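**Q** Residue numbers for the sequence shown follow the working numbering, so the first one is 12 and each next one is one higher.
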Amino acid sequence: MATLRKQYVVNRPLYSEDSFAQDHEKIYRRRKTLLDHVKQYLTCDSKRVKNTALSLLPIVGWMRIYRVKEWLLGDVVSGISTGLVAIMQGLAFSLLASLPPSYGLYTAFFPVLTYFFLGTSRHISVGSFPVLSLMVGAVVIRLVPTNGPPANITGFEGLTQDQQRVLVASSVTFLMGIFQLGMGLLQVGFVVMYLSDTLVSGFTTAAAVHILVSQLKFVLGLVVPGISGPLAIIYTLEEIFVQITSTNICDLVTSIVIMVVVFIVKEINDRYKAKLPVPIPIEVIMTVIACGVSYGFNFEEKFQVDVVGKMVSGYESPIAPNVEIFKESAVEAFPIAIVGFAVAFSVAKVYSIKNDYTIDGNQELIAFGVSNIFGATFRSFAASTALSRTAIQESSGGKTQIAGLISALMAMIVTVALGFLLEPLQTSVLGALVIVNLKGMLMQVRDVPYLWRRDKPDCIVWLGTCVGAILLGLDLGLAVGLGVELLTVIFRAQFPRCSVLANIPGTDLYRDCKDYLHMYEPKGVRIFRIPSPIFFANIEFFRDKLAEAVGFNPLRVLRKRNKALRKIKKLLKKNDERIIEKGVGGLFHQTSVDSEDKSNMEDLDLPTDFKDLPVRIDWNAELPANISVPRVELHSLILDFAAVSFLDISALKGLKTMLKEFIRIEVDVYIIACDVYILEKLHSCMFFDDEIQTSMFFPTLHDAVLHVLQKHKDQSRLLADTKL
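This is how it looks when you write it as structure tokens:
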């Protein structure tokens with residue numbers, strides 16, 4: 012059954028940009044200068060002070076609308092559920108940072124306190140994140156290796172190895188916080204936009220591989236020195252396989268049981284999440300059981316397994332960061348800051364859209380910067396968010412950061428009063444919990460076939476980032492990923508898919524002539540679409556593509572014509588009588604144009620000068636055999652600028668040269684749908700002259716085509732069939 016389509020008819024004059032400007036008066040707006048922006052930025056009034064205070068303290072905004080009866084119970088339940096998971100993950104992820112487990116509880120407490128006041132997201136769970144923990148751990152291992160002396164840093168004197176590592180981790184976190192705070196104050200939150208979802212996916216997958224390998228020593232009960240730098244993952248695997256026969260069977264069996272049970276229950280949680288009021292806290296349950304079994308059967312002495320050991324009871328006094336560590340770790344701290352913010356902002360954006368509120372990227376940078384600075388002062392390490400914890404906080408009824416505050420109080424209770432209960436816990440249990448929580452990140456590898464089928468450049472970004480991060484380390488891998496991503500952007504912009512358009516008969520629509528049957532292309536007219544910005548890197552590409560589309564090189568044609576014309580003028584001066592008797596054509600048989608003197612070659616690029624000639628030469632007419640001038644069947648070229656968003660100065664010069672080359676070989680050039688700001692730039696850059704005029708510009712493609720057909724009196728079916 013045919014679909015009934017509505018018809019529309021528009022009756023208006025045929026417009027060029029010039030005639031449109033005559034009929035419709037334009038409002039010229041005054042553009043703000045740099046000085047105006049500075050004055051506005053420095054202006055202070057009561058309204059701006061109020062808005063600034065509200066933006067710096069988002070808590071004021073959502074606390075004013077807090078619904079105690081509707082939200083408080085959900086926040087409390089959510090906070091308890093999230094807190095239990097945050098405690099377990101804090102203990103486990105501290106192993107990734109090569110720190111004693113108790114310091115993971117610090118990361119679950121201190122950063123949350125400041126984010127509660129400064130953060131704009133109401134749902135993310137602030138705390139440790141495995142990728143950041145591993146990146147911090149790489150710096151810790153580099154400066155304080157397991158085997159061998161630590162780096163030559165003054166602040167290490169008189170400290171134990173654990174204390175040195177805590178100082179390194181807190182100093183790196185402090186510097187990370189400074190970077191985030193600085194970017195927030197400078198309003199450069201947009202920097203995260205350069206980390207595409209594909210890049211983040213490949214990076215986190217590589218991080219999951221690093222985390223998996225780093226936890227094998229705990230699961231197998233082996234003593235493997237920490238290795239950092241390029242190819243560290245290969246050297247670590249080599250160490251593990253060398254010692255594989257020394258595997259602690261008790262650790263291995265415990266880890267396998269933990270992983271199987273936790274994996275099964277997590278699958279149940281995912282499958283029946285709509286029916287479960289709160290996800291089953293299987294990590295907490297298995298940790299309690301493992302603690303009881305380890306303590307009851309005395310695994311530490313009987314099987315020589317490694318346990319959590321002495322937990323720090325209460326909180327230690329604040330410490331100052333070490334400036335020497337800043338110098339040693341600045342290169343690593345910056346990518347840690349970027350990755351931490353990118354992950355947190357991505358997760359926060361998902362839940363803000365889901366729950367219909369806005370988040371501020373710059374304020375999030377400030378919030379995480381202050382949180383990491385504050386936390387580092389109290390010996391916590393890098394904080395961001397984890398998708399699993401945030402999902403629990405939101406799905407279990409959490410509405411605001413009060414849930415986060417309650418989860419922090421849960422971590423405080425364990426730190427102050429209940430930490431000793433975790434002392435008999437095997438480190439292999441924590442390692443198993445880390446590994447089983449990697450499922451989501453490792454399964455991202457399934458994106459590769461999809462990306463390869465749908466978008467090969469994106470697939471290359473994913474693979475380049477993942478492989479680079481696995482082999483070179485997370486910091487260098489991130490740089491590799493950004494480089495590959497930048498190359499794909501350059502490739503897309505520098506080599507876009509240009510097309511030749513034709514008309515769909517009976518309409519004012521134009522499509523790629525290769526995509527549809529029965530297209531109509533007016534004789535002598537070529538419509539060329541440019542689908543990207545034009546700048547210094549792709550202007551030559553466009554020149555080549557345009558020459559390919561029209562079938563000739565305009566500069567070569569112009570030079571050939573000028574050579575022929577120069578020869579004609581010389582022969583005319585010498586053979587006036589013969590011209591009268593035989594005409595100009597008879598002279599061409601006497602000598603070849605190719606034997607012309609090659610002096611003054613620059614004159615060949617100038618417009619063809621027909622002065623001193625009795626007639627104007629038709630270059631497409633029959634010429635003597637020894638004259639080689641390419642035939643040009645084209646009389647009009649239309650350039651579709653609808654997708655051109657900007658022109659730089661280099662491209663502007665190249666475009667001007669290209670247009671003049673066509674105009675000088677008697678091809679009319681028209682530009683359609685040019686952005687008004689590009690037109691203003693063309694005027695300001697003195698683009699127009701005697702050859703290139705504003706009359707070349709038309710508001711729509713159909714206007715330009717109708718103008719061309721009327722100018723050349725082409726009685727085509729396009730005019731007859733098209734209603735405009």
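Virtual Cβ for every residue (Gly too), placed ideally from N, Cα, C. Since the model is a prediction, treat every value here as computed from it, not as a measurement.
1) Would G159 be called buried (16 or more neighbouring beta carbons within 10 Å of its own) or exposed?
2) Determine the closest residue to I683 out of E677, E294, R540, with distance taken between C-alpha atoms.
3) Within the chosen definition, does the segment 387-396 reach the segment 81-94 through at least 3 CB pairs nearer than 8 Å?
4) Could you name the residues of the same chain whose beta carbon sits closer than 7 Å to that of V640, not counting the 5 residues immediately before and after it, in chain order?
5) Measure the CB-CB distance between G101 and S57 and report whether it falls below 8 Å.
6) List in chain order: all unbroken alpha helix (DSSP H) runs of 4+ residues lying wholly within the segment 150-238.
7) In the structure shown, what three-state DSSP assignment does S29 receive?
8) Enumerate in chain order the residues of its own chain whose CB-to-CB distance from P542 is below 7 Å, with the five nearest sequence positions on each side excluded.
9) Label Q437 either buried or exposed according to how many other C-beta atoms from any shown protein chain fall within 10 Å of its C-beta, with 16 as the threshold for buried.
10) Under three-state DSSP, which class holds G665?
11) Between A443 and the rest of its own chain, which residues show a CB-CB distance below 7 Å, the 5 nearest in sequence each way excluded?
12) Using CA atoms only, rank isn't needed, just tell me which of L433, G213, F708, V179 is closest to G475.
13) Out of R567, A548, K664, state which residue places its alpha-carbon closest to the alpha-carbon of R642.
14) Would you be able to state if there are at least three C-beta pairs under 8 Å between the segment 359-374 and the segment 128-136?
15) What did DSSP end up calling L598 once you bin it into helix, strand or coil?
16) Give the straight-line distance between the Cα atoms of I501 and F552, rounded to the nearest whole angstrom.
17) Determine the direct distance from the alpha carbon of H713 to that of L520, and round the result to whole angstroms.
18) For G138, which beta-bridge partners are listed by DSSP?
19) DSSP three-state label for L650, please.
20) Please say whether I255 and T247 have beta carbons closer to each other than 8 Å?
21) What span of residues does the alpha helix (DSSP H) with I471 cover, start to end?
22) Got a sec, what are the start and stop residues for the alpha helix (DSSP H) Y527 sits in?
23) Tell me the DSSP bridge mates of I545?
24) Should S113 be labelled buried (16 or more other beta-carbon atoms within 10 Å of its own) or exposed?
25) Give the straight-line distance between the Cα atoms of A632 and Q505, rounded to the nearest whole angstrom.
26) Grab me the residues of S606's own chain with a C-beta within less than 7 Å of its C-beta, minus the 5 sequence neighbours each way, in chain order.
27) Is the segment 169-188 in contact with the segment 369-385, if contact means three or more CB pairs nearer than 8 Å?
28) Could you check what DSSP says for E592 in three-state terms: helix, strand or coil?
29) Does DSSP put D3 in a helix, in a strand, or in coil?
30) Please classify D629: does DSSP put it in a helix, a strand, or coil?
31) Report the rounded CA-to-CA distance for G90 versus V79, giving the unit in angstroms.
32) Looking at the structure shown, is Q374 part of a helix, part of a strand, or coil, going by DSSP?
33) Is there contact between the segment 143-156 and the segment 480-500, where contact requires at least three CB pairs shorter than 8 Å?
34) Looking at E28 and F657, is the spacing between their C-beta atoms short of 8 Å?
35) Identify which residue in F308, M421, L449 has its Cα closest to the Cα of Q226.
36) So what does DSSP say about S144, is it helix, strand or coil?
**A** Inspection of the coordinates gives the following:
1) Taking the sequence shown and counting its residues from 1, one reaches residue 159 at position 148. With fewer than 16 other Cβ atoms within 10 Å, it is exposed.
2) As a first step, residue 683 must be located in the sequence shown, where it is residue number 672. Ranking E677, E294, R540 by Cα distance to I683 puts R540 first.
3) Taking 8 Å as the limit for Cβ pairs, the verdict is that the segment 81-94 does not touch the segment 387-396.
4) Counting from 1 along the sequence shown, the entry for residue 640 is found at position 629. Answer for V640: K571, R572, A575, W630, L634, listed in chain order.
5) The residue you call residue 101 lines up with position 90 of the sequence shown. The residue you call residue 57 lines up with position 46 of the sequence shown. No, they are not a contact pair.
6) With a minimum length of 4 residues, the continuous alpha helix (DSSP H) runs that stay inside the segment 150-238 are 172-196, 208-231.
7) For this step, residue 29 is matched to residue 18 along the sequence shown. Looking at the sequence shown, residue 29 is not Ser but Asp. Correct three-state label for D29: helix.
8) Along the sequence shown, one-based indexing puts residue 542 at 531. Taken in chain order, the residues that qualify are P507, R508, C509, A654.
9) Walking along the sequence shown from the start, residue 437 turns up at place 426. Q437 comes out buried.
10) Position 654 of the sequence shown, counted from the first residue, corresponds to residue 665. Helix, per DSSP.
11) Mapped onto the sequence shown, residue 443 falls at position 432. Taken in chain order, the residues that qualify are V230, S266, I269, M270.
12) Counting from one through the sequence shown, the residue named residue 475 turns up at place 464. Across the set L433, G213, F708, V179, the C-alpha of G213 shows the shortest separation from the C-alpha of G475.
13) Here residue 642 refers to the residue found at position 631 when the sequence shown is read from its first residue. Distance check between R642 and each of R567, A548, K664 places R567 closest, using alpha-carbon atoms only.
14) These segments touch.
15) On the sequence shown, residue 598 is found 587 positions in, with the first residue counted as 1. In this prediction, L598 scores a pLDDT of 44, lower than 50, which makes its location untrustworthy; the coordinate-derived value is nonetheless stated afterwards. In the three-state DSSP reduction, L598 falls in the helix class (H, G or I).
16) Counted from its first residue, the sequence shown places residue 501 at position 490. Counted from its first residue, the sequence shown places residue 552 at position 541. Looking at the two C-alpha atoms, the distance is approximately 13 Å.
17) Here residue 520 is taken as the residue at index 509 of the sequence shown, counted from 1. Here residue 713 is taken as the residue at index 702 of the sequence shown, counted from 1. In a straight line, the C-alpha of L520 is about 8 Å away from that of H713.
18) Along the sequence shown, read from residue 1 onward, the residue named residue 138 stands at position 127. S395, per the DSSP bridge assignment.
19) To locate residue 650, count along the sequence shown from 1; it is residue 639. The answer is strand: DSSP assigns L650 an E or B state.
20) Indexing the sequence shown from 1 puts residue 247 at position 236. Indexing the sequence shown from 1 puts residue 255 at position 244. In this structure, T247 lies away from I255, with their beta-carbon atoms at least 8 Å apart.
21) Position 460 of the sequence shown holds residue 471. Counting along the chain, the alpha helix (DSSP H) containing I471 begins and ends at 467-483.
22) Sequence index remark: in the sequence shown, residue 527 carries index 516 (1-based). Unbroken run through Y527: none, as it is neither H nor E.
23) In the sequence shown, residue 545 corresponds to position 534, counting from 1. I545 pairs with L658.
24) If you number the sequence shown from 1, residue 113 lands on position 102. S113 is classed as buried because its beta carbon has at least 16 other beta carbons within 10 Å across all chains shown.
25) Position 621 of the sequence shown, counted from the first residue, corresponds to residue 632. Position 494 of the sequence shown, counted from the first residue, corresponds to residue 505. Roughly 39 Å separates the two Cα atoms.
26) Against the sequence shown, residue 606 aligns to sequence position 595. Note that S606 has pLDDT 41, beneath the 50 cutoff, so the model's placement of it is unreliable and the number below is only indicative. Closer than 7 Å at Cβ, skipping near neighbours: no residue.
27) A contact exists between the segment 169-188 and the segment 369-385.
28) By 1-based counting over the sequence shown, the position of residue 592 is 581. With a pLDDT of only 44 at E592, under 50, the local geometry of the prediction cannot be trusted, and no value is derived from it.
29) Nothing in the structure corresponds to residue 3, since the chain is present only between 12 and 735.
30) For the purposes of this step, residue 629 is taken as residue 618 along the sequence shown, with counting starting at 1. Correct three-state label for D629: coil.
31) Numbered from its first residue, the sequence shown carries residue 90 at position 79. Numbered from its first residue, the sequence shown carries residue 79 at position 68. Their Cα atoms are separated by approximately 15 Å.
32) For the purposes of this step, residue 374 is taken as the residue at position 363 of the sequence shown. Reduced to three states, the DSSP call for Q374 is helix.
33) These segments touch.
34) Reading the sequence shown from its first residue, position 646 is the one you call residue 657. Reading the sequence shown from its first residue, position 17 is the one you call residue 28. Note that the C-beta distance between F657 and E28 is not below 8 Å.
35) One-based indexing of the sequence shown puts residue 226 at position 215. The candidate whose alpha carbon is nearest that of Q226 is L449.
36) On the sequence shown, residue 144 is found 133 positions in, with the first residue counted as 1. If DSSP states are grouped into helix, strand and coil, S144 belongs with the helices.
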